[in-house]
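Chains as they are written, first to last, in this note's numbering: chain H, 231 to 910; chain A, 231 to 910.
No residue lacks a Cβ here, since even glycine has one placed at the ideal position from N, Cα and C.
Note sheet for the following structure.
Okay, here's the thing in structure tokens:
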């Protein structure tokens, strides 16, 4: 129990750090009234969206919590009503705390953006610190809430199943938050770019553009709140899977030990992260990440060596997981970095027109899948084999511990990731607040660093989700075996398993298609609205002083559109999962989860990397290569970037959550279709 | 043995029909000297490419045949040298006959194209007949060669393993023929379109364009020879898998029965296919397909009922396979047909710019995967369950018989498919031969019918490949079990299986990326060459009489480029397969094949359907919608079509062959890594 309690202590410490950073950021001055006003518009827009989204999701959560009450851990007509009640409560708590994490994130991000913009007048370091510490509030809050919740549930109930229902609550919120936020942000981004940059040739973030505030709101609701919910979900799902697998082996302590030390390492990393006045903020972010990895390695090694119950083989699994995370991160960096060959080649292809931009970027995206997916495979295989000698039941523990290792530094990852949209917003505020070119240079530099860091952290997030869902597959097997009392295997030569695999493979595909079609529809609607405003509001195009566009109209289109689209996309995955379970039973479900994981990882990696690649190819050209801004190559690159936007910020990252949710739905409903199914 | 001999008789009959059609087409007049000259250029270009390609492939086949000699059916140092010699000989025969099929196809297609063009002056019916009967030569030749070879090998050796090595020979040629032809055709097509239609605004097939002959050559080497090799490969692979599985059950006769009757049905279908003078040629093609399906159903049902050894359940499996083929075909038709919602929506999205064209087309492509992949899953599951009551070993027979059913009408499918490039060429010849607008109207109509039929036949081809490789997975298991004497299962919870699944899933991705990057590189080089010719050859752009571009230069660029690119793409898949086998053993290989099948099908369906969708969205706009030709929507649609070209004609259809080859490589080398592997 020692490490469970230490986990609570470290979580409390992290909350303390978060609170300290929050106050620190809040105390920074924002002298410019214009920035305060625009910043307030962004803040209001973000909270408006969040409230409307949460209101819808509350209904969804309420309905599902009744279903959980009816069927989990065992059908209420067969089992113990008290346990089901507890499961429903933890489910609601998971959803609520996931929502809270998003709320905290928006709250700090929309304070930090103004302060980072304003601080840029005083130089790169203060602006960077405002952005980074703002991000760190989110990082610390998300991880500490997840860890504290898992530890508390373990202490109070002593039953890892309830962490599973808690995780399901967090996931079902994350699924919609990520998808909804992703649709919102890209709707606004694409519409703003197409009408502003492409049609009128006005700069990004120009205040004449009616979509500009919606675009900045989008950064917050998509990248901050959505991403926070996503990683909250990954973190708690990996804890839940590891705990379910560790429970029968009496190894829960090791799960908490490594998680607590991971958070501690992140706290240290966040506190000592600095950038020199003439330093490279991108390097600073990456150095912080690597430093955190190092601290985690040393701390866990020491803890393992001094604790007689901990086996060094299990430590090996967590170390392997972390290392593979780093490798995947750097693979993403290779395929999306603007000093590397793929970006250069795609930028060069832009010279021959947009079709070549798309084809070459998409092709490199396809290539980028191999190293990452083989890395995940090696991590899973290695962790399994490493821990296998410890006896039956241990191999799957190895995989789940590898995912804990990969997610160990998630506190640092989220901090880096939330930094991105904050400084992106700061850039927008600096532009709209007319702070001048010197300040814009600084915010541009900080923004670019955010993009580099993002490639690596995204690689981490996808890799970790991959290992987590493999572990969840193990947890699913564990639950089914405990229900049926039989040893289960999923033999690919069993036609039900193969059938499930095929159907599962198609889910991420239809899910991401629905999100992208949603973005397509909404941004076309928003483009229409912008054209209308330009046509009807006199003097707007010309920038006549005092003439303002109707920002709220665009925010409203993005909000209503995103909320309308997110429900069907999320529901389809859940409903097909239930259909497959009740038609094909446990066997089909095993294959279904595997198929879903495989194409899910494939599509997530493809879309994230291709999207990042197009984005940076555009930036590469903008920095003066192949004709620079305004050239034909640039026009092609902008089209590539527009295609890449929903790839990398809507569909790609949402797939993570989709595969996690589907795995959890399978585990939660396993008792049902283990007892009844058409063919199973 | 009865049906094995009947197979030979039906094959001979089909060869007779092919020979009759060949003579019939050859006897048609080509009065216009200009068409004869240009037609000869195309014919020469196609044969030049074929010869150069075959020369390289001969070296490859020679090397691999030595490997086959060393290891198959069992390592030569352990087994029977006579058997290995036979395997090597059948391997070479498979490759040679696949090459022959391609040769026959090119030979007839480059005669039929001129005759179809010339016949268009006399009306739609004669032109259609020239195109369709030209295609039918290919269809009859391919299927009869495959069936006769399988029957002969069975009669002479009595050992289905040698059909496996024959099939491997056919596949290894097909892999390169499809990939090489696919790269050639799209290199020329894209370069011709971009410089001609987009930059200069001159019509398709304008003789001023230096790439125009290369484009027409590409239709032949890619769509005729490549597609013929591909379907020859699918046909023989499905026979091989079914025979290996049927042999221990003593059910080989039923395999030959259904295959022979399928060919007979195709012969009847081809002979009675007609179009009325005012009729719709697209409908005629589809009616022919459905008619063939009906004849096949009736004939096989009668044969099954009158033969006491044939069980009606097995007939059910073949019927199910055929039905699912039809359903997948019509699904493809829905997602790519220009009178259906997806094409209309994508065409509408073109109004908002090329990024929306790409995003919406890609998204619908993603959606289109679900019904087809679920269809394949249902066919496999249904066939398995239907045949399961017959006893052990039968279920996999059910799946392989379902794939025989889906491929039963392949003779008709190839006829329809080869019709496409022939009338496409005829259109080009009519344009270049200045036959006038009335003739062009007819050839346009015939060309459009080819595209509609193509969507359906492509669906069939992918579906059949899917079922075939599932059956090959069964054959692989069969071979491993006979080597090791143990019952094998591929449990997804075994980390080696899961590792294999992940790696296998990445193979189609990297394979198709390499092909598309090849097209990208080559067509950029060709665009450069075309610009050079326009700049240096005086009067070319203006169309001064007597001034001709250097067509051969472009043919040469496409030839050299395609041959350079096809080898690495093909080798990578084969080498990674061997590495996975020797590292992870039989278990990893089972997962690897499954992963490869799943993402292979996924990508093939996505790319074929998205590509067809963009193509038809462009045609939809060209027929006067959303602004028609020359509008902004049209420009976006052209970009979408260019992206779709290598999707649907290079990468998408090559993946079929790639998954078949990989499955066969696994079966051929199974004895090796069953005895040695690092972790297995």
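{"Check": "Helix, strand or coil at residue 721 of chain H according to DSSP, with G and I counted as helix", "Outcome": "strand"}
{"Check": "Partners in chain H for residue 700 of chain A, counting only beta-carbon separations shorter than 8 Å", "Outcome": "728"}
{"Check": "Same chain only: Cβ atoms within 7 Å of residue 910 of chain H, ignoring 5 sequence neighbours per side", "Outcome": "726, 814, 815, 816, 817, 818, 903"}
{"Check": "When A/467, A/900, A/885 are compared against residue 714 of chain A, the one with the closest alpha-carbon", "Outcome": "A/900"}
{"Check": "Rounded separation between residue 233 of chain A and residue 411 of chain A - CA only", "Outcome": "36 Å"}
{"Check": "Chain H within 7 Å of residue 721 of chain A, Cβ atoms only", "Outcome": "yes"}
{"Check": "Buried versus exposed call for residue 667 of chain H [16 or more other C-beta atoms within 10 Å across all chains shown]", "Outcome": "exposed"}
{"Check": "Burial state of residue 322 of chain A, where buried means 16 or more other Cβ atoms lie within 10 Å", "Outcome": "buried"}
{"Check": "Span separating the alpha-carbon of residue 490 of chain H from that of residue 452 of chain H", "Outcome": "28 Å"}
{"Check": "Endpoints, alpha helix (DSSP H) assigned at residue 439 of chain A", "Outcome": "Taken as a continuous stretch (DSSP letters only), residue 439 of chain A belongs to no alpha helix (DSSP H), as it is neither H nor E."}
{"Check": "Rounded straight-line distance, which links the Cα of residue 674 of chain H to that of residue 769 of chain H", "Outcome": "29 Å"}
{"Check": "Residues that residue 615 of chain A contacts on chain H, provided the C-beta gap is smaller than 8 Å", "Outcome": "725, 909"}
{"Check": "CB contact flag (residue 709 of chain A, residue 897 of chain A, <7 Å)", "Outcome": "yes"}
{"Check": "Test: residue 891 of chain H CB closer than 7 Å to a CB of chain A", "Outcome": "no"}
{"Check": "Residue-chain proximity (residue 636 of chain H, chain A), Cβ-Cβ < 7 Å", "Outcome": "no"}
{"Check": "CA-to-CA distance, residue 473 of chain H to residue 485 of chain H, given in whole angstroms", "Outcome": "7 Å"}
{"Check": "Check whether residue 737 of chain H and residue 826 of chain H have beta carbons under 7 Å apart", "Outcome": "yes"}
{"Check": "Helix, strand or coil at residue 588 of chain A [DSSP, three-state]", "Outcome": "helix"}
{"Check": "Chain-ordered neighbours of residue 903 of chain H on chain A, where CB pairs are closer than 7 Å", "Outcome": "Going along chain A, no residue has its Cβ under 7 Å from residue 903 of chain H, so there is no contact; the nearest lies around 16 Å."}
{"Check": "Residue 591 of chain A versus residue 374 of chain A: straight-line alpha-carbon distance, rounded", "Outcome": "38 Å"}
{"Check": "Buried versus exposed call for residue 765 of chain A [16 or more other C-beta atoms within 10 Å across all chains shown]", "Outcome": "exposed"}
{"Check": "Within-7 Å CB hit, residue 588 of chain H to chain A", "Outcome": "yes"}
{"Check": "Any alpha helix (DSSP H) of 4 or more consecutive residues that is wholly inside the segment 855-895 of chain A", "Outcome": "862-876"}
{"Check": "Proximity below 7 Å, CB of residue 544 of chain A to CB of residue 631 of chain A", "Outcome": "yes"}
{"Check": "Secondary structure of residue 775 of chain H, DSSP reduced to three states", "Outcome": "coil"}
{"Check": "Any 3 or more C-beta pairs closer than 8 Å across the segment 787-800 of chain A and the segment 405-423 of chain A", "Outcome": "yes"}
{"Check": "Within 7 Å, strictly: CB atoms of residue 555 of chain H and residue 693 of chain H", "Outcome": "yes"}
{"Check": "From H/540, H/532, H/571, H/526, residue whose alpha carbon lies closest to that of residue 551 of chain H", "Outcome": "H/526"}
{"Check": "Cβ-Cβ separation, residue 783 of chain A to residue 758 of chain A (assumed contact under 8 Å), whole Å", "Outcome": "Going by Cβ atoms, the distance from residue 758 of chain A to residue 783 of chain A rounds to 11 Å, so no, they are not a contact pair."}
{"Check": "Pairwise C-alpha distance: residue 745 of chain H and residue 881 of chain H", "Outcome": "6 Å"}
{"Check": "CB-CB length for residue 548 of chain A against residue 614 of chain A, believed under 8 Å", "Outcome": "Actually they do not touch by this definition, with Cβ atoms about 13 Å apart."}
{"Check": "Alpha carbon of residue 596 of chain H to alpha carbon of residue 743 of chain A, nearest angstrom", "Outcome": "6 Å"}
{"Check": "Proximity test, Cβ basis, 7 Å: residue 610 of chain H and chain A", "Outcome": "yes"}
{"Check": "CB contact below 7 Å: residue 529 of chain H versus chain A", "Outcome": "no"}
{"Check": "Under 7 Å between C-beta atoms of residue 514 of chain H and residue 370 of chain H", "Outcome": "no"}
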